[in-house]
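Asker: Encoded as structure tokens, here's the structure I'll be asking about.
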Amino acid sequence: MSKEVISNHVEEFSGDPSFPPADLSKVEIITLEDDPHRAALEDDYKQKLPGKTWAAVFFLGFTFQPALAFSILGVFPIISVIAMDVQGTTTNSAWMSSGWTLGGTIAFAIAGRISDIFGRRYVLLIGQLILIVSYIIGATANSLNQLIAAMAVGGFGTGTALVLYPGLSEILPNRYRSVGLAWTEFNLVPMSIFGSLAGHALAQNATWRWIFIIGGITAVISLVGTAVFYFPPPRPHAVAHISRGQLLKELDYVGFFLYTVGLTILLVGLYQGGNTRIWHSAGVVAPIVLGGIAFIGCFVWEFSGVAKRPLFPFYMFKKGREFTSLIVCIFVTGFCYYAMTSLIPQQLLHVYSTNKIKLGELQMAAGAGNVFGGVVMGALVHKFKHVHIQLMIAVAMQMLFLGLSALDTPKTTAMTLAFHFFATVPFAWVTVACYVTASLHIPQKDLGIAQGSIGTFRFLGGAIGSTALNIIINEKSAEKLSGYIAKAVLPLGLPQAKLQAFSAALAAGKPLAVKGVTPAMAAAGLAASREAWAYAFRIAFLATIPFGVIATIVAYFVADPSKYFTQHVAIHLETDKVDERGRSEHA
Numbered sequence: 001m002s003k004e005v006i007s008n009h010v011e012e013f014s015g016d017p018s019f020p021p022a023d024l025s026k027v028e029i030i031t032l033e034d035d036p037h038r039a040a041l042e043d044d045y046k047q048k049l050p051g052k053t054w055a056a057v058f059f060l061g062f063t064f065q066p067a068l069a070f071s072i073l074g075v076f077p078i079i080s081v082i083a084m085d086v087q088g089t090t091t092n093s094a095w096m097s098s099g100w101t102l103g104g105t106i107a108f109a110i111a112g113r114i115s116d117i118f119g120r121r122y123v124l125l126i127g128q129l130i131l132i133v134s135y136i137i138g139a140t141a142n143s144l145n146q147l148i149a150a151m152a153v154g155g156f157g158t159g160t161a162l163v164l165y166p167g168l169s170e171i172l173p174n175r176y177r178s179v180g181l182a183w184t185e186f187n188l189v190p191m192s193i194f195g196s197l198a199g200h201a202l203a204q205n206a207t208w209r210w211i212f213i214i215g216g217i218t219a220v221i222s223l224v225g226t227a228v229f230y231f232p233p234p235r236p237h238a239v240a241h242i243s244r245g246q247l248l249k250e251l252d253y254v255g256f257f258l259y260t261v262g263l264t265i266l267l268v269g270l271y272q273g274g275n276t277r278i279w280h281s282a283g284v285v286a287p288i289v290l291g292g293i294a295f296i297g298c299f300v301w302e303f304s305g306v307a308k309r310p311l312f313p314f315y316m317f318k319k320g321r322e323f324t325s326l327i328v329c330i331f332v333t334g335f336c337y338y339a340m341t342s343l344i345p346q347q348l349l350h351v352y353s354t355n356k357i358k359l360g361e362l363q364m365a366a367g368a369g370n371v372f373g374g375v376v377m378g379a380l381v382h383k384f385k386h387v388h389i390q391l392m393i394a395v396a397m398q399m400l401f402l403g404l405s406a407l408d409t410p411k412t413t414a415m416t417l418a419f420h421f422f423a424t425v426p427f428a429w430v431t432v433a434c435y436v437t438a439s440l441h442i443p444q445k446d447l448g449i450a451q452g453s454i455g456t457f458r459f460l461g462g463a464i465g466s467t468a469l470n471i472i473i474n475e476k477s478a479e480k481l482s483g484y485i486a487k488a489v490l491p492l493g494l495p496q497a498k499l500q501a502f503s504a505a506l507a508a509g510k511p512l513a514v515k516g517v518t519p520a521m522a523a524a525g526l527a528a529s530r531e532a533w534a535y536a537f538r539i540a541f542l543a544t545i546p547f548g549v550i551a552t553i554v555a556y557f558v559a560d561p562s563k564y565f566t567q568h569v570a571i572h573l574e575t576d577k578v579d580e581r582g583r584s585e586h587a
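Sequential numbering from 1 applies to the sequence shown in the UniProt record's numbering.
Take a look at the structure:
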């Protein structure tokens with residue numbers, strides 16, 4: 001707290017005979033660090049940031065390349081291709097995407113809290129190092145289990161490295177925090193638009209391993225650039241007087257254990273239900289019940305007040321309009337978007353085309369939508385203001401176009417691609433708006449855990465969404481495929497005894513390999529198969545609507561942070577020169 005601000009408060013109370021109090025130890029001094037609203041309004045001075053700060057901003061944003069671009073935009077679209085290459089079937093391949101989102105939500109739960117206590121620099125560097133390891137595992141993998149491990153490790157590295165969200169927010173003026181976060185989204189542009197095409201092209205003409213290799217190279221660049229330019233204060237002011245050993249003792253190990261174990265077991269149970277086991281079997285019911293109890297128990301523990309430094313502080317969740325409403329919005333958009341990153345490639349494959357290059361081209365629509373939402377709409381959050389209205393429009397837009405996707409059929413390619421574009425615009429837009437809003441309502445000392453919680457529920461929504469919607473698609477496709485195919489080919493003369501063999505050959509893309517099958521039968525079978533898959537995806541898309549309705553209503557009640565879009569800068573890097581007021585001397 002600057003001398004100027006302290007003197008102002010002394011003047012406020014100078015007429016009070018009880019001031020100053022005899023026992024100063026009983027006085028709670030509220031600093032600008034404790035009140036982000038006052039900090040934004042009282043420290044509204046234009047500052048010119050030095051070049052090293054902009055270099056740090058560059059490499060923090062560039063970390064999105066290895067953290068997200070080459071995983072969800074490079075690997076996710078070709079998961080089926082990779083699985084077929086290493087094991088000859090897509091069985092259990094969905095765990096590559098579910099493992100990544102699970103790893104991410106676990107890391108987010110702890111990385112933000114640790115960065116608030118021990119500083120952001122080394123947490124971010126560790127996350128970038130983990131990303132390098134994950135890409136090495138993926139590039140050298142020879143089995144699906146190794147690939148699942150690579151994606152899970154990569155998700156954990158992503159969740160850890162994304163402490164760059166509070167890292168970026170706190171070194172930029174409030175007014176331009178959304179622009180800084182839009183820069184992170186800009187780093188997704190090449191892979192958002194061309195990632196699927198590049199992945200399929202590499203898989204067809206070289207090897208899918210290049211996605212992991214190039215991703216690893218970007219991770220090394222991020223690590224080196226961050227190590228050279230990013231030097232935030234090593235010990236946050238709020239805990240500078242406490243030893244690191246004491247802080248380690250005070251970490252919430254119980255909450256972290258309950259959260260990690262509960263979520264993992266719960267998702268294992270959900271994934272197995274209707275997939276590898278029947279729903280009412282002990283192998284499904286027991287994990288769901290035990291995982292659910294542990295997961296709920298985590299929040300009971302967190303809100304009990306026993307933990308010295310909880311992962312999910314109750315005081316933040318009591319801020320309904322300032323924080324909890326953001327959690328609801330980001331959970332629902334994550335539920336829909338991360339599920340779509342694995343569902344859209346499957347939909348295009350099963351309903352529209354089996355040509356790898358064509359698939360890559362078709363997926364460009366969804367990628368372009370995500371780019372527009374994150375880069376354009378994200379950068380303009382502070383210009384449009386009325387953030388709660390922006391969130392409401394974005395969430396409603398996602399709900400609308402996902403719901404309309406239920407109208408997709410094998411004959412509506414153009415309409416399907418239009419829906420893909422508009423349904424993916426909101427996710428990055430909502431993400432930027434939620435991170436910016438949380439950063440302006442939560443005290444600086446808890447910025448990491450606040451934005452970490454946003455990330456946790458964003459990834460949690462993705463983990464549950466990917467699992468739940470894949471279950472729906474697997475069940476409904478299995479339920480309809482045989483009947484649709486039989487109805488189409490049996491009247492054309494295919495013997496009943498050959499129906500099962502024909503269906504298997506059709507799924508493998510070789511229907512004419514079955515003796516006696518004519519081109520007309522193959523064409524009819526393919527058309528029927530696509531209709532059956534379209535039905536399965538229709539049900540999955542419709543299942544997202546109730547969540548969207550709830551989130552749209554909640555978004556309206558978000559506390560608008562627009563008046564806090566000022567020139568205030570929360571912290572300066574150690575390489576910056578600042579005056580006695582804590583302002584950059586480059587102004």
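Each residue gets a CB set at the ideal place from its N, CA and C atoms; glycine is no exception.
These numbers come from a predicted model, not from an experiment.
1) Between tyrosine 188 and valine 371, how many whole angstroms is the CB-CB distance? I'm expecting something under 8 Å.
2) With a CB to CB cut of under 6 Å and the five nearest residues on each side skipped, what residues in its chain are close to serine 196?
3) Would valine 371 pass as an interface residue toward chain C - the criterion being a Cβ-Cβ separation below 8 Å?
4) Return yes when the Cβ of lysine 385 is within less than 8 Å of the Cβ of serine 562, no when it is not.
5) Counting Cβ pairs, one atom from each stretch, are 3 or more of them under 8 Å apart for the segment 454-474 and the segment 98-114?
6) Does DSSP put leucine 311 in a helix, a strand or coil?
7) Mind checking who leucine 251 pairs with in its DSSP beta bridge?
8) CB phenylalanine 156 to CB glycine 215, shorter than 8 Å?
9) Note down the Cα distance separating isoleucine 295 from histidine 388, rounded to an integer number of angstroms.
10) Could you check where the alpha helix (DSSP H) with glycine 483 kicks off and where it finishes?
11) Contact defined as beta carbons within less than 8 Å: I believe alanine 182 pairs with cysteine 329. What is the distance between those atoms, to the nearest angstrom?
12) Just to confirm the assignment, what range does the alpha helix (DSSP H) spanning arginine 209 have?
13) Give the C-beta separation of valine 381 and alanine 433 to the nearest angstrom, bearing in mind that I take them to be a contact with Cβ-Cβ under 8 Å.
14) State the start and end residues of the unbroken alpha helix (DSSP H) segment that holds isoleucine 389.
15) Tell me, to the nearest whole angstrom, how far the beta carbon of leucine 343 is from that of leucine 481; I am working on the premise that it is less than 8 Å.
16) Considering only their Cβ atoms, is the gap separating threonine 544 from tyrosine 271 smaller than 8 Å?
17) If we ignore side chains and look at the alpha-carbon of each, how far apart do leucine 223 and tryptophan 95 end up?
18) Is the separation between the beta-carbon of aspartate 171 and that of isoleucine 571 shorter than 8 Å?
19) Is phenylalanine 212 buried or exposed, if buried means 16 or more other CB atoms sit within 10 Å of its CB?
20) Going by C-alpha distance, which of Phe186, Arg209 and Ile130 is nearest asparagine 142?
21) Go through its chain and collect everything with a Cβ distance to methionine 84's Cβ below 6 Å, but skip five positions before and after it.
22) Within its chain, find whatever has a CB closer than 8 Å to the CB of phenylalanine 314; leave out the 5 residues flanking it on each side and keep chain order.
23) Specify the secondary structure class of threonine 264 as computed by DSSP and reduced to three states.
24) Taking only heavy atoms of the ligand GTP into account, decide whether any of them is closer than 7 Å to the Cβ of glutamate 302.
25) At 3 residues or longer, and completely inside the segment 523-549: list those beta strand (DSSP E) runs for me, N to C.
26) What is the rounded straight-line gap between the Cα of glutamate 574 and the Cα of proline 233?
27) May I have the straight-line CA-CA distance separating alanine 198 from glutamine 204, to the nearest angstrom?
28) Whole angstroms are fine: how far does the CA of aspartate 43 sit from the CA of asparagine 145?
29) In terms of residues, what are the limits of the alpha helix (DSSP H) holding proline 287?
30) How should lysine 356 be labelled, buried or exposed, when 16 other C-beta atoms within 10 angstroms of its C-beta is the threshold for buried?
31) Give me the residue from Ile72, Ala39, His37 and Gly51 with the minimum Cα distance to glycine 334.
32) Look up phenylalanine 384 in the DSSP assignment and say whether it is helix, strand or coil.
33) Determine the closest residue to alanine 219 out of Ser178, Ile132, Ala201 and Phe194, with distance taken between C-alpha atoms.
34) At which residues does the alpha helix (DSSP H) containing tyrosine 337 begin and terminate?
35) Determine the burial state of alanine 206: buried for a count of at least 16 other Cβ atoms within 10 Å of its Cβ, exposed for fewer.
36) Give the single residue among Gly159, Ala149, Pro511 and Leu460 whose Cα lies nearest to the Cα of isoleucine 485.
Answerer: Quick look at the numbers:
1) The amino acid at residue 188 is misidentified as tyrosine; the sequence shows leucine. Contact flag correct, Cβ pair sits at about 7 Å.
2) Cβ neighbours of serine 196 beyond the five flanking positions: Pro77, Gly360 and Gln363.
3) Among the chains of the structure shown, chain C does not appear; only one protein chain is present.
4) Yes, the Cβ-Cβ distance between serine 562 and lysine 385 is below 8 Å.
5) These segments touch.
6) Collapsing the DSSP output to three states places leucine 311 in coil.
7) DSSP output for leucine 251 lists Arg309 as bridge partner(s).
8) No.
9) Position check: residue 295 holds phenylalanine in this sequence, whereas isoleucine was assumed. Each residue's Cα considered, the two are about 30 Å apart.
10) If you look at glycine 483, you'll find it in the alpha helix (DSSP H) that goes 447-489.
11) The Cβ separation is near 18 Å, so there is no contact.
12) Note, arginine 209: alpha helix (DSSP H), 209-229.
13) About 5 Å; that satisfies the 8 Å criterion.
14) Where isoleucine 389 is concerned, the enclosing alpha helix (DSSP H) stretches over 387-404.
15) That pair is no contact at about 17 Å.
16) No. Outside cutoff.
17) Distance between the alpha carbons of leucine 223 and tryptophan 95: 28 Å.
18) With the sequence shown as reference, residue 171 is identified as isoleucine, and aspartate is not the correct amino acid for it. Their beta carbons are under 8 Å apart, which means isoleucine 171 touches isoleucine 571 by this criterion.
19) Around the C-beta of phenylalanine 212, 16 or more other C-beta atoms lie within 10 Å, and the residue is accordingly described as buried.
20) Here the closest residue by C-alpha is Arg209.
21) In the same chain as methionine 84, and ignoring 5 residues on each side of it, no C-beta atom comes closer than 6 Å to its own.
22) Result list for phenylalanine 314: Glu302, Phe303 and Gly305, in chain order.
23) Residue state, collapsed to three classes: helix.
24) Of ligands this structure carries none, so the ligand GTP is not represented either.
25) The qualifying runs do not exist here; there are none.
26) Looking at the two C-alpha atoms, the distance is approximately 6 Å.
27) For alanine 198 and glutamine 204, the distance between alpha carbons rounds to 10 Å.
28) The alpha-carbon atoms of asparagine 145 and aspartate 43 are separated by roughly 53 Å.
29) Its alpha helix (DSSP H) spans residues 282-302.
30) Here lysine 356 is buried. Its C-beta has 16 or more other C-beta atoms within 10 Å.
31) Ranked by how close their Cα comes to the Cα of glycine 334, the residues Ile72, Ala39, His37 and Gly51 have Ile72 in first place.
32) The DSSP-derived three-state label of phenylalanine 384 is helix.
33) Comparing alpha carbon positions, the residue from Ser178, Ile132, Ala201 and Phe194 closest to alanine 219 is Ile132.
34) Taken as a continuous stretch (DSSP letters only), the alpha helix (DSSP H) holding tyrosine 337 covers 325-351.
35) With fewer than 16 other Cβ atoms inside 10 Å of its own Cβ, alanine 206 counts as exposed.
36) In terms of CA proximity to isoleucine 485, Pro511 leads the group Gly159, Ala149, Pro511 and Leu460.
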